[in-house]
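Residue numbers (the numbering used here), protein chains in the order written: chain W, 1 to 398; chain Y, 1001 to 1308.
Structure (structure tokens):
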């Protein structure tokens, strides 16, 4: 009996610990961690030969597979920059553990470390919209600008709380969602769509936007959700009505999209059209078949930059991480500009980022890098639509 | 009643349940003998999935395998089971045996440490990317049906292989000398030792068998669901543990039935309950709490009275 009681005790203790962690994780706007002395935004920094950019990325945890893509693209930019410039760039990396129960807390710790490090002049990242909400106060108080290559929640730049500090090199949900929905309505002419989000902010935001546009156009829309780490989709697939013509899965992990597509085939539903979002823009998802569509910024997979990246890191391009290359590029060029006199301040770097003008010819993501007053790309008005040829995505519109 | 949906969910639940049952057996066997909750067990299952993947690629990969598909599958299962068995023995030898006489919380913490160690080692060694078994290339995409009951080859293979392994284990524990020694050790370790049973050896064999079953489950997971990754053992381990507790931890038939109950509950919750696919884990763990409250010893467990 004592053994059983002990077991129950252990179970209850584990449940309580799980509940505490879950509750902490579920609180989106928790107060920032107690602040260590942060470097000031107006403090003069000697630029020197090597300049430091903070880099916040999920280097471990459940989202590491997308973090590694961002880390590869960031390090690729740095290696190219350091080869061609007299001055050098160094990344000070902080692991945010996006998606882990302690993820937001890790992001806060990382932001605190960057804020306190006087040599850090700007930050590339963080990856997740929730993380940005969490780190805003710390980075703003330290006068640091940050450029995210993957946070797409529309309100991050429109609610006014981060204006002049936050920038992003990826268009928000408000652009990508309608592009996907309008293509389904006007080109594919589907009347019955099923949307499955992966419960992450990126995914639910896009799913909500697409659902809204489709319903406004009179399309029948079903909705479901899966866990981002889930691999068994058989029960979810069983629930999808036979009348559904298209399934929209705005997920972040291409192998999960591939697994879903393959399990659809396994269930005898391989003819239903599938559409992903930029998070799934990868040959692994495209390999599911020619009934697969995707949206992505107008990146040219045959560009010299992509070829160089593949040579250095291998893989299929890791396109989800490509805007992070652009984020580090914006930070590096702004620091160069702000450091012309040999010293600078974080405020000057912020101003230089606001004034960024990188032409499309030098931009990996297919559009010139310029920001509007909110911090969004002024040049990214729409996404491209791609269709799989069975192994890779080919542009069909946009 | 939508019978098509019901049958689809049942097949899915039985497949998942077979995997959970194999993982649960490892939890149950170790708990039965050592009264230890081996929280590293889910990560052994993850390592098994990776060993199977590497074996597959060592044999030419899924597209152009060097041997017939069936032979490749046999090698994948054998390498994963042997590899995981050895890993299980090593974990017991280095992480649990030194703590055998320590307070019960010490090996529990050691188990959590081993779990994190294995997870991060896998991240370091195998990388963060997902690996694809490409089952369609290896054994085809064909779906079979009996009336409204649709199932794929990997699903059938998983359920049949799991049943075979569980029957073999039951016969082994019931009929063999070593099985008898395992039962004696589980009943009273000190008395078994005094009767001349090599308790250390019995415990090592228990870890070997439990871990080998987890390795087989890892390969089955890869074959059915395609994707494997370093983090996959965490939740699978918790579900296996849940299955073991629901069935009655320490009971081998209980672990099997518990696995099937959890798999079917998860599948039916996804299909029938409000926001089931979003909150399927909530429903599964609610079932765990319910069983513990109503029947703390689980479905097949027996209440053991011990002196304080």
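Where is the CB? At the ideal position from N, CA and C, for every residue including glycine.
Taking 6 Å as the limit between beta carbons, can you name the residues of its chain near residue 222/W, skipping five residues before and five after?
As a working note, residue 222/W is residue 222 in the first chain. Same-chain partners within the cutoff: 194.
Which class does residue 1279/Y belong to by DSSP, given the choice of helix, strand or coil?
As a working note, residue 1279/Y is residue 279 in the second chain. In this structure, residue 1279/Y counts as coil in the three-state DSSP scheme.
Quick one: residues in its chain with C-beta nearer than 6 Å to the C-beta of residue 329/W, no 5 flanking neighbours on either side, listed in chain order?
On the first chain, position 329 is the one that residue 329/W refers to. Residues of the same chain with a CB within less than 6 Å of the CB of residue 329/W, apart from the 5 flanking positions on each side, are 77 in chain order.
So residue 1067/Y and residue 1126/Y are supposed to be a Cβ contact under 8 Å. How far apart are they, rounded?
Position 67 of the second chain, counted from the first residue, corresponds to residue 1067/Y. Position 126 of the second chain, counted from the first residue, corresponds to residue 1126/Y. Between residue 1126/Y and residue 1067/Y the Cβ distance is about 24 Å, and since that is not below 8 Å, they are no contact.
Tell me whether residue 1001/Y sits in a helix, a strand or coil according to DSSP, three-state version.
Here residue 1001/Y refers to the residue found at position 1 when the second chain is read from its first residue. Residue 1001/Y falls in the coil class under three-state DSSP.
With distances taken between CB atoms, is the gap from residue 1021/Y to residue 1166/Y smaller than 8 Å?
For the purposes of this step, residue 1021/Y is taken as residue 21 along the second chain, with counting starting at 1. For the purposes of this step, residue 1166/Y is taken as residue 166 along the second chain, with counting starting at 1. Yes, the Cβ-Cβ distance between residue 1021/Y and residue 1166/Y is below 8 Å.
Cβ shell of residue 338/W (< 7 Å), same chain only, five flanking positions each side left out
Along the first chain, one-based indexing puts residue 338/W at 338. The residues are 344, 348, 349 and 352.
Rounded Cβ spacing between residue 1115/Y and residue 1042/Y (contact assumed at less than 8 Å):
As a position in the second chain, residue 1115/Y is number 115, starting the count at 1. As a position in the second chain, residue 1042/Y is number 42, starting the count at 1. Rounded, the Cβ-Cβ distance is 7 Å, consistent with contact.
Kindly list, in the order they appear in chain W, the residues whose Cβ is closer than 7 Å to that of residue 1267/Y.
For this step, residue 1267/Y is matched to residue 267 along the second chain. By Cβ distance, chain W contributes 235.
In three-state DSSP terms, what is residue 395/W?
What you label residue 395/W is simply residue 395 of the first chain in a count that begins at 1. Three-state result, residue 395/W: strand.
Pop quiz: residue 126/W and residue 96/W are said to be a contact at Cβ under 8 Å. What is the actual Cβ separation, rounded to whole angstroms?
Residue mapping note: residue 126/W aligns to position 126 of the first chain, counting from 1. Residue mapping note: residue 96/W aligns to position 96 of the first chain, counting from 1. Indeed, because the Cβ distance is near 5 Å, the residues count as touching under 8 Å.
Along the beta strand (DSSP E) that carries residue 124/W, what are the first and last residues, could you check?
Within the first chain, numbered from 1, the residue matching residue 124/W stands at position 124. Note, residue 124/W: beta strand (DSSP E), 120-124.
Collapsed DSSP secondary structure at residue 295/W in the structure displayed:
On the first chain, residue 295/W is found 295 positions in, with the first residue counted as 1. Residue state, collapsed to three classes: strand.
Residues that residue 1232/Y contacts on chain W, provided the C-beta gap is smaller than 9 Å:
As a working note, residue 1232/Y is residue 232 in the second chain. 229 and 231, listed in chain order.
Output yes or no for whether 8 Å exceeds the beta carbon distance between residue 276/W and residue 240/W.
Numbered from 1 along the first chain, position 276 holds the residue referred to as residue 276/W. Numbered from 1 along the first chain, position 240 holds the residue referred to as residue 240/W. Not closer than 8 Å, so no.
Within the segment 1055-1112 of chain Y, ranges of the alpha helix (DSSP H) (whole runs, at least 4 residues):
1069-1091
Between which two residues does the alpha helix (DSSP H) holding residue 84/W run?
Taking the first chain and counting its residues from 1, the one referred to as residue 84/W is at position 84. Per DSSP, residue 84/W belongs to the alpha helix (DSSP H) from 64-84.
For the candidate residues 1205/Y, 1201/Y, 1072/Y and 1235/Y, whose alpha-carbon lies nearest to that of residue 1169/Y?
Indexing the second chain from 1 puts residue 1169/Y at position 169. For the residues 1205/Y, 1201/Y, 1072/Y and 1235/Y, the minimum Cα distance to residue 1169/Y belongs to 1205/Y.
Using a 10 Å radius around the Cβ and a threshold of 16 neighbouring Cβ atoms, would you call residue 1195/Y buried or exposed?
The sequence position of residue 1195/Y within the second chain is 195, counting from 1. So residue 1195/Y ends up on the exposed side.
Neighbour flag for residue 199/W against chain Y, beta carbons, 8 Å:
What you label residue 199/W is simply residue 199 of the first chain in a count that begins at 1. Yes, residue 199/W counts as interfacial toward chain Y.
Suppose you measure from the CA of residue 1070/Y to the CA of residue 1076/Y; what does that come to, to the nearest Å?
Counted from its first residue, the second chain places residue 1070/Y at position 70. Counted from its first residue, the second chain places residue 1076/Y at position 76. So the alpha carbons of these two residues sit roughly 10 Å apart.
Whole alpha helix (DSSP H) runs in the segment 1218-1284 of chain Y with 4 or more residues, listed along the chain?
1232-1247 and 1252-1272
Consider the Cβ of residue 250/W: report whether some Cβ of chain Y lies at a distance smaller than 8 Å.
As a first step, residue 250/W is located in the first chain; it is residue number 250 there, counting from the start. It does not: the Cβ of residue 250/W has no partner Cβ on chain Y nearer than 8 Å.
Within 10 Å of its beta-carbon, does residue 1156/Y have 16 or more other beta-carbons around it, so buried, or fewer, so exposed?
Locating residue 1156/Y in the second chain gives position 156, counting from the first residue. Answer is exposed; the Cβ neighbour count stays below 16.
Distance, Cα to Cα, residue 1134/Y vs residue 1223/Y?
Numbered from 1 along the second chain, position 134 holds the residue referred to as residue 1134/Y. Numbered from 1 along the second chain, position 223 holds the residue referred to as residue 1223/Y. Their backbone Cα atoms lie some 8 Å apart in a straight line.
Residue(s) in a DSSP beta bridge with residue 197/W:
Locating residue 197/W in the first chain gives position 197, counting from the first residue. Bridge partners of residue 197/W: 225/W.
At the 8 Å Cβ level, is residue 1299/Y part of the contact set with chain W, yes or no?
For this step, residue 1299/Y is matched to residue 299 along the second chain. Chain W, which has no Cβ nearer than 8 Å to the Cβ of residue 1299/Y, makes this no.
Against residue 376/W, what residues of chain Y qualify as contacts under a CB-to-CB distance less than 8 Å, listed in chain order?
For the purposes of this step, residue 376/W is identified with residue 376 of the first chain, where counting begins at 1. Chain Y residues near residue 376/W: none, gap ~29 Å exceeds 8 Å.
Cβ distance (whole Å) where residue 107/W is taken to contact residue 56/W below 8 Å:
Sequence index remark: in the first chain, residue 107/W carries index 107 (1-based). Sequence index remark: in the first chain, residue 56/W carries index 56 (1-based). With 8 Å as the limit, residue 107/W and residue 56/W qualify as a contact, their Cβ atoms being about 7 Å apart.
Three-state class that DSSP yields for residue 153/W in the structure shown:
Locating residue 153/W in the first chain gives position 153, counting from the first residue. It is coil, neither helix nor strand.
Under 8 Å, Cβ to Cβ, is there at least one residue of chain Y near residue 383/W?
In the first chain, residue 383/W corresponds to position 383, counting from 1. No, residue 383/W lies away from the interface with chain Y (no Cβ there is under 8 Å from its Cβ).
Within-8 Å CB hit, residue 1132/Y to chain W
Reading the second chain from its first residue, position 132 is the one you call residue 1132/Y. Yes, residue 1132/Y lies at the interface with chain W (some Cβ there is under 8 Å from its Cβ).
Please decide whether residue 37/W counts as near chain Y, where near means a Cβ-Cβ distance under 8 Å.
On the first chain, position 37 is the one that residue 37/W refers to. The pLDDT assigned to residue 37/W is 45, lower than 50, so where the model puts this residue is not dependable, and the model offers no usable value.
For residue 399/W and residue 287/W, I'd like the C-alpha separation in whole angstroms.
The question about residue 399/W has no answer, for chain W in this structure spans 1 to 398.
Starting from the beta carbon of residue 1312/Y, find every residue of chain W whose beta carbon is closer than 7 Å, and list them in chain order.
For residue 1312/Y there is no data in the structure shown, the boundaries of chain Y being 1001 and 1308.
Local Cβ density within 10 Å of residue 206/W, reported as buried at 16 or more and exposed below that
In the first chain, residue 206/W corresponds to position 206, counting from 1. The residue is buried, with at least 16 neighbouring Cβ atoms inside 10 Å.
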